[in-house]
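So for the sequence shown, this note's numbering puts the first residue at 231; every next one is plus one. Beta carbons: idealized from backbone N, C-alpha and C, even for Gly. None of these values were measured; they are calculated from a predicted model. What follows is a single structure, written as structure tokens, with notes after it.
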Amino acid sequence: ILIILILSSPPSVHRRNVIRDTWLSLCKNNSYVQYYFVVGSAGFKEAHSLIEEEQSVHHDLVLLPNVYDNYKSLTKKVLEAFVWLDKTIKHFQYLLKCDDDSFVQVDKVVSELQTIKLTKGNSLYWGFFNGRAQVKVNGKWKESDWILCDYYLPYALGGGYVLSQKLVHFIAVNAEFLRLYNSEDVSVGVWLSAVVNVTRQHDPRFNTEFISRGCSNTYLVTHKQDEVAMRKMFLTLKRSGRLCDAEYRSRNSYIYNWHVPPSKCCIRNDSSIP
Numbered sequence: 231i232l233i234i235l236i237l238s239s240p241p242s243v244h245r246r247n248v249i250r251d252t253w254l255s256l257c258k259n260n261s262y263v264q265y266y267f268v269v270g271s272a273g274f275k276e277a278h279s280l281i282e283e284e285q286s287v288h289h290d291l292v293l294l295p296n297v298y299d300n301y302k303s304l305t306k307k308v309l310e311a312f313v314w315l316d317k318t319i320k321h322f323q324y325l326l327k328c329d330d331d332s333f334v335q336v337d338k339v340v341s342e343l344q345t346i347k348l349t350k351g352n353s354l355y356w357g358f359f360n361g362r363a364q365v366k367v368n369g370k371w372k373e374s375d376w377i378l379c380d381y382y383l384p385y386a387l388g389g390g391y392v393l394s395q396k397l398v399h400f401i402a403v404n405a406e407f408l409r410l411y412n413s414e415d416v417s418v419g420v421w422l423s424a425v426v427n428v429t430r431q432h433d434p435r436f437n438t439e440f441i442s443r444g445c446s447n448t449y450l451v452t453h454k455q456d457e458v459a460m461r462k463m464f465l466t467l468k469r470s471g472r473l474c475d476a477e478y479r480s481r482n483s484y485i486y487n488w489h490v491p492p493s494k495c496c497i498r499n500d501s502s503i504p
């Protein structure tokens with residue numbers, strides 16, 4: 231079973247409805263998939279009745295009462311979501327964490343997971359990895375307490391990544407001991423950096439950077455999509471079986487080189503990579 235946790239905020243009802251109407255509608259009858267929108271509900275009393283009404287209709291919200299829904303609490307939100315998942319749903323194999331501006335081809339993700347061959351005892355950490363990201367020293371993502379390295383440790387970008395159940399469990403049961411950095415995806419990379427038997431699978435089909443690399447029919451997850459773009463992708467997918475009206479690339483991708491130091495991992499020198 232694949233669990234999908236979609237990070238959202240209390241006011242983003244319209245965005246959630248667009249996702250329900252588009253890519254989530256393609257997996258509603260898939261017994262291998264369960265999905266939830268994760269919302270921090272602390273301090274949102276004025277929206278509480280609307281959230282309750284939405285929950286009564288859709289039954290797909292995970293409300294985290296101890297989490298204020300703002301960027302400073304994003305890592306705590308992800309951690310609390312992992313704790314909730316570990317306590318609430320016992321029998322799942324994989325988690326896909328994504329955002330409410332991500333478009334996911336769920337059927338293809340499930341198909342890939344069914345074909346992935348892991349070494350016995352290994353767990354999967356699958357997404358678009360970066361090992362040379364410079365530590366933010368300004369702005370809202372500034373990391374004042376970063377002491378580990380000149381760069382962030384290798385991590386899968388947060389627009390969408392997949393974790394095996396054992397990794398979610400590891401994070402959840404150790405939650406009280408984990409340092410929370412401003413960036414949730416960086417934090418997950420740090421938390422898993424000392425875990426043995428993790429298969430880190432870099433995949434350019436995760437278009438999950440801070441800006442989209444364009445549109446490719448091979449993409450499994452496409453980040454930074456507004457409601458209009460999601461509806462367009464969905465209609466194209468329904469009509470033609472393809473994600474894109476026309477494929478295009480706005481920036482190059484890369485294959486992660488795990489055989490060199492992380493600072494040299496990720497060279498954008500091949501325009502054929504999606």
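(message) Can you find the residues in the same chain that come closer than 6 Å, C-beta to C-beta, to Ala311, ignoring five residues on each side of it along the sequence?
(response) Here residue 311 refers to the residue found at position 81 when the sequence shown is read from its first residue. Taken in chain order, the residues that qualify are Leu235 and Val268.
(message) Is it the case that the stretch 462-475 contacts the stretch 421-439, given that we only count it when at least three CB pairs across the two stretches are under 8 Å?
(response) no
(message) Tell me the residue span of the beta strand (DSSP E) that contains Ser238.
(response) As a working note, residue 238 is residue 8 in the sequence shown. Ser238 -> beta strand (DSSP E) spans Leu232 to Ser238.
(message) Taking 8 Å as the cut-off, does the stretch 325-335 touch the stretch 236-250 (at least 3 CB pairs, one atom from each stretch)?
(response) Output reads yes: the stretch 325-335 touches the stretch 236-250.
(message) the ligand NAD and Asp375: does the residue's C-beta get closer than 6 Å to at least one heavy atom of that ligand?
(response) The ligand content of the structure shown is nil, which means the ligand NAD is not present either.
(request) Tell me whether the beta-carbon of Tyr301 lies closer than 7 Å to the beta-carbon of Lys370. (result) By one-based count along the sequence shown, residue 301 stands at place 71. By one-based count along the sequence shown, residue 370 stands at place 140. Cβ distance < 7 Å, so Tyr301 and Lys370 count as in contact.
(message) Buried or exposed for Lys320, going by 16 or more other Cβ atoms inside 10 Å?
(response) To locate residue 320, count along the sequence shown from 1; it is residue 90. Lys320 should be labelled exposed.
(request) On the DSSP bridge assignment, give the partners of Tyr298 in chain order. (result) As a first step, residue 298 must be located in the sequence shown, where it is residue number 68. Its beta-bridge partners are Ala272.
(request) Indicate whether Val392 and Leu326 have their beta-carbon atoms separated by less than 7 Å. (result) If you number the sequence shown from 1, residue 392 lands on position 162. If you number the sequence shown from 1, residue 326 lands on position 96. It is a contact, given that the beta carbons lie within the stated cut-off.
(request) Taking only runs that begin and end inside the stretch 395-438, name each unbroken beta strand (DSSP E) of 3 or more residues, in chain order. (result) The stretch 395-438 contains these whole beta strand (DSSP E) runs: 428-432.
(request) Taking only the alpha-carbon atoms, compute the straight-line gap between Gln335 and Tyr449 and give it to the nearest angstrom. (result) Looking up residue 335 in the sequence shown gives position 105. Looking up residue 449 in the sequence shown gives position 219. Each residue's Cα considered, the two are about 8 Å apart.
(request) Please work out which residues of its chain come closer than 6 Å, Cβ to Cβ, to Asp507, disregarding the five sequence neighbours upstream and downstream, and give them in chain order. (result) The structure shown does not extend to residue 507, since the chain is modelled only from 231 through 504, so no value can be given for it.
(message) Once the 5 residues before and after Pro240 are set aside, which same chain residues still bring their CB inside 7 Å of it?
(response) Taking the sequence shown and counting its residues from 1, the one referred to as residue 240 is at position 10. These residues qualify, in order along the chain: Val269, Ser271, Phe274, Ala277, Ile281 and Asp299.
(message) Using 8 Å for Cβ pairs, my map puts His244 next to Glu457. What's the rounded Cβ distance?
(response) For the purposes of this step, residue 244 is taken as the residue at position 14 of the sequence shown. For the purposes of this step, residue 457 is taken as the residue at position 227 of the sequence shown. Right, their Cβ atoms sit about 7 Å apart.
(message) Can you confirm whether the stretch 478-489 touches the stretch 433-452 when touching is taken to mean that 3 or more C-beta pairs between the two stretches lie within less than 8 Å?
(response) yes
(request) Could you pull out every residue in the same chain whose Cβ sits closer than 8 Å to the Cβ of Thr252, ignoring the five residues on either side in sequence? (result) On the sequence shown, residue 252 is found 22 positions in, with the first residue counted as 1. Excluding residues within five positions, the ones whose Cβ falls inside 8 Å are Phe333, Met460, Arg461, Met463 and Phe464.
(message) If I follow the unbroken alpha helix (DSSP H) through Trp314, where does it start and stop?
(response) For the purposes of this step, residue 314 is identified with residue 84 of the sequence shown, where counting begins at 1. Unbroken alpha helix (DSSP H) run through Trp314: Leu304 to Thr318.
(request) Can you grab the Cα-Cα spacing for the pair Asp290 / Gln264, in whole Å? (result) What you label residue 290 is simply residue 60 of the sequence shown in a count that begins at 1. What you label residue 264 is simply residue 34 of the sequence shown in a count that begins at 1. Looking at the two C-alpha atoms, the distance is approximately 9 Å.
(request) Assign Phe267 to one of three DSSP states: helix, strand, or coil. (result) Here residue 267 refers to the residue found at position 37 when the sequence shown is read from its first residue. The answer is strand: DSSP assigns Phe267 an E or B state.
(message) Which of the three DSSP states is assigned to Trp488 in this structure?
(response) The sequence position of residue 488 within the sequence shown is 258, counting from 1. Trp488 falls in the coil class under three-state DSSP.
(message) For Thr345 and Ser279, I'd like the C-alpha separation in whole angstroms.
(response) As a working note, residue 345 is residue 115 in the sequence shown. As a working note, residue 279 is residue 49 in the sequence shown. Using only the alpha carbons, I get a separation of about 43 Å.
(request) Take the Cβ of Arg542 as the centre, count every other Cβ of all protein chains shown within 10 Å, and call the residue buried at 16 or more, exposed below. (result) Lying before the first or after the last residue shown, residue 542 is absent from the chain, which here runs from 231 to 504.
(request) Please look up how many angstroms separate the CB atoms of Tyr385 and Phe359, rounded, as I've assumed it's under 8 Å. (result) As a first step, residue 385 must be located in the sequence shown, where it is residue number 155. As a first step, residue 359 must be located in the sequence shown, where it is residue number 129. Contact holds; Cβ gap of about 7 Å.
(request) Assign Ala386 to one of three DSSP states: helix, strand, or coil. (result) In the sequence shown, the residue the question calls residue 386 occupies position 156. Looking at Ala386 - three-state DSSP - the assignment turns out to be strand.
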